[in-house]
Amino acid sequence: MLKLRASKCAPLFNSGIPGLTPNQQATLDGLLAKIKLTDLQAAKRDELIAKRDANPELSQGAKTLIEEIIDEKVYQYKDHFWSKETDKGINVEDEAIELYNRVFFTSYNKLSDNSEYAYLNTPLMHGHPDVVDAERLKVLDIKSSYTKKTFPKTEEKASKKVKESGYDWQVKAYLWMLRQMTGLDWRDGEVAYMLCNTPEELLGEWDEPSLHYMDDIDDNMRATIVKVTLTDDDIATIESWLKVANEYADKYISILKTKNS
Amino acid sequence: MKDNKYLGSWDLEVNGKYEPKVVTIEKVYQDVMVGEMGKEDKVFIKLKEFQKSMVANRTNFKRLETFFGSFDFNEYIGKEIVLGVEKVKSPQGVVDALRFSTRPLPKKEKPSIAPDRFAKALQAIADGKTTAEKLISDFNLTPEQHAEVTSK
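Here the protein sequences line up with chains X and G, keeping their order. Under our numbering, the residues of the first sequence are numbered 1 to 261, in order. Under our numbering, the residues of the second sequence are numbered 1 to 152, in order.
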């Protein structure tokens, strides 16, 4: 069975709901229940039926994502992604959460390995959220910007970045898994862009120091927050595409295993 | 390792973690170091906060030069700088090494809370998002703010 990492799942869910949205389904049910339809209503009914019955087509990005996961499983290897940006993110995680606490008057801690939410694990998805607020049913994902320049300084810019990077789906995937694991109505998430000093050991001789030293900036200017909400449509999107993705994964495994037989 | 003759990363360890420390340069001098490679002429730096001297290398001298804006080590005497531990590549693999920081000295004071934000802080305590203890430990509160927080 295919198991997706929450941090990489966005290409699968970006295409919206395959088939009908809950609203469209309700419209179609209404139209089908009517005895007489106008021409316009009949056209709408036919359009909705065609959409409902169409085979959902995975995007190229989704296919690549699934194939990469299956390749690692079938050929038994691990491919770790590394960059200076992710290195910094790992290094300053505690500091970023402390900064968040100072700005928003909270008392969050990074989830320790033995916390029940440190590793979210369901049959179809898994992942490591940064902060889980079990009291408020809320998930935080902390992103430490690499430099002052790359830090999104307004909510609008941060929202754009969140969408482009698929971080919204990452947080939604955590919320979806928490719903599965606890049976509670997890809906609220945040992507928090934080501006922390880059550890000097990660910098080369020619890196411009002023881009990486943040302590000269007021705490309140060092956080930009994007709210993420898991909607009913998002839940339908996740569940529908996970089904399609698993079918595609089975087909792909069969191709790999039988290509020379 | 703390009984080593020379200052090392282990001397900055506090409760299993390395903690950067503001240090004062007392003396820069040349001496003979006796190590695994035999006797070697080395430059040492004596810091006011430690009994042992630190063996100075090129990287740390470059950092001092950047921070103090001079390559004349006489200019460093009596001045403060942050000393920390960084991971560096060496023939023995990646090791922890003492490194001076080129960044400004940390502010000694904790941040304060402006009056307009203080209401939010009180609300956060009321909502159970944080505690009075956390607020007191993270911020430099005015006596009035302190009294209000502790009365909650």
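Note that beta-carbon positions come from the ideal geometry of N, C-alpha and C, so glycine has one too.
Within 8 angstroms, strictly: CB atoms of residue i and residue j
i: X:Glu200; j: G:Arg117; result: no
i: X:Asp113; j: X:Asp130; result: no
i: X:Lys63; j: X:Tyr248; result: yes
i: X:Glu155; j: X:Ile225; result: yes
i: G:Ile81; j: G:Ser112; result: no
i: X:Leu242; j: X:Asp185; result: no
i: X:Tyr167; j: X:Lys143; result: yes
i: G:Leu141; j: G:Ile125; result: no
i: X:Val162; j: X:Val132; result: no
i: G:Val94; j: G:Ser9; result: no
i: X:Ile328; j: X:Phe13; result: As displayed, chain X neither begins before 1 nor continues past 261, which places residue 328 of chain X out of reach and without an answer.
i: X:Tyr146; j: X:Thr198; result: yes
i: X:Val92; j: X:Leu256; result: no
i: X:Ser240; j: X:Pro11; result: no
i: X:Met221; j: X:Pro123; result: no
Outcome for residue i when other beta-carbon atoms lying within 10 angstroms are tallied against a minimum of 16
i: X:Asn260; result: exposed
i: G:Lys153; result: For chain G, the structure presents residues 1 to 152; residue 153 of chain G sits outside this window and is missing.
i: G:Arg63; result: buried
i: X:Tyr119; result: exposed
i: X:Tyr77; result: exposed
i: X:Ala33; result: exposed
i: X:Ala42; result: exposed
i: X:His212; result: buried
i: G:Asp31; result: exposed
i: G:Leu47; result: buried
i: G:Ala147; result: exposed
i: X:Ser210; result: exposed
i: G:Asp72; result: exposed
i: G:Thr11; result: A small fix is needed here, since residue 11 of chain G is Asp in this sequence, not Thr. Burial call: buried.
i: X:Gln330; result: With chain X represented from 1 up to 261, any question about residue 330 of chain X goes unanswered, as that position is not in the structure.
i: X:Ser165; result: exposed
i: X:Pro152; result: buried
i: G:Val14; result: exposed
i: X:Thr182; result: exposed
i: X:Leu37; result: exposed
i: G:Lys154; result: A query on residue 154 of chain G cannot be resolved here, the shown segment of chain G reaching from 1 to 152 and no further.
i: G:Lys27; result: exposed
i: X:Leu48; result: buried
i: X:Leu99; result: buried
Local conformation of residue i per DSSP, three classes
i: X:Ile217; result: coil
i: G:Glu86; result: strand
i: X:His212; result: helix
i: X:Met181; result: helix
i: G:Lys39; result: strand
i: X:Phe81; result: coil
i: G:Phe71; result: coil
i: G:Lys62; result: helix
i: X:Lys44; result: helix
i: G:Thr150; result: helix
i: X:Ile225; result: strand
i: G:Thr24; result: strand
i: X:Lys251; result: helix
i: G:Asn140; result: coil
i: X:Arg102; result: helix
i: X:Arg136; result: coil
i: G:Ala97; result: strand
i: G:Gln30; result: strand
i: X:Gly19; result: coil
Contact set between residue i and chain G, taken where Cβ atoms lie within less than 8 angstroms
i: X:Thr106; result: Ala124, Lys129 and Thr130
i: X:Glu200; result: Gly84, Glu86, Arg99, Ser101, Thr102 and Arg103
i: X:Thr209; result: In the sequence under discussion, the amino acid at residue 209 of chain X is Pro, which differs from the Thr named in the question. The contacting residues are Thr102 and Arg103.
i: X:Tyr213; result: Arg103 and Pro104
Within chain G, partners of residue i - CB distance below 7 angstroms
i: X:Tyr100; result: Ordered by position in chain G, no residue passes the 7 angstroms Cβ test against X:Tyr100, which lies about 11 angstroms from the chain.
Contacts of residue i in chain X (Cβ-Cβ under 7 angstroms)
i: G:Lys120; result: Phe105
i: G:Asp72; result: By Cβ distance, chain X contributes nothing, its closest Cβ being about 21 angstroms from G:Asp72, past 7 angstroms.
Residues that residue i contacts on chain X, provided the C-beta gap is smaller than 9 angstroms
i: G:Pro111; result: Arg102, Asp218 and Asp219
i: G:Asp41; result: Neighbours of G:Asp41 on chain X: none; closest Cβ ~26 angstroms, over 9 angstroms.
i: G:Asp31; result: In chain order: nothing, as chain X lies at least about 28 angstroms away.
Cβ distance (whole Å) where residue i is taken to contact residue j below 8 angstroms
i: X:Arg102; j: G:Asp138; result: 6 angstroms
i: X:Leu4; j: X:Met125; result: 5 angstroms
i: X:Leu175; j: X:Val139; result: 6 angstroms
i: X:Val228; j: X:Lys172; result: 6 angstroms
i: G:Ile25; j: G:Gly69; result: With 8 angstroms as the limit, G:Ile25 and G:Gly69 do not qualify as a contact, their Cβ atoms being about 14 angstroms apart.
i: G:Leu7; j: G:Ser53; result: 6 angstroms
i: X:Glu85; j: X:Cys196; result: Actually they are not in contact, since the Cβ atoms of X:Glu85 and X:Cys196 sit about 12 angstroms apart, beyond 8 angstroms.
i: X:Val244; j: X:Leu58; result: 6 angstroms
Residues that residue i contacts on chain X, provided the C-beta gap is smaller than 8 angstroms
i: G:Lys21; result: Here the premise fails: no neighbours, minimum Cβ distance about 15 angstroms.
i: G:Lys134; result: Asn101 and Ser107
i: G:Asp11; result: The premise fails here: G:Asp11 is roughly 18 angstroms from chain X at the closest Cβ pair, so nothing lies under 8 angstroms.
i: G:Asp116; result: Under the 8 angstroms cutoff, chain X gives no residues; its nearest Cβ is about 11 angstroms from G:Asp116.
Cβ-heavy atom distance, residue i to the ligand FAD, below 7 angstroms
i: G:Asp31; result: Summarising the ligand content, the structure contains no ligands, and the ligand FAD is consequently not present.
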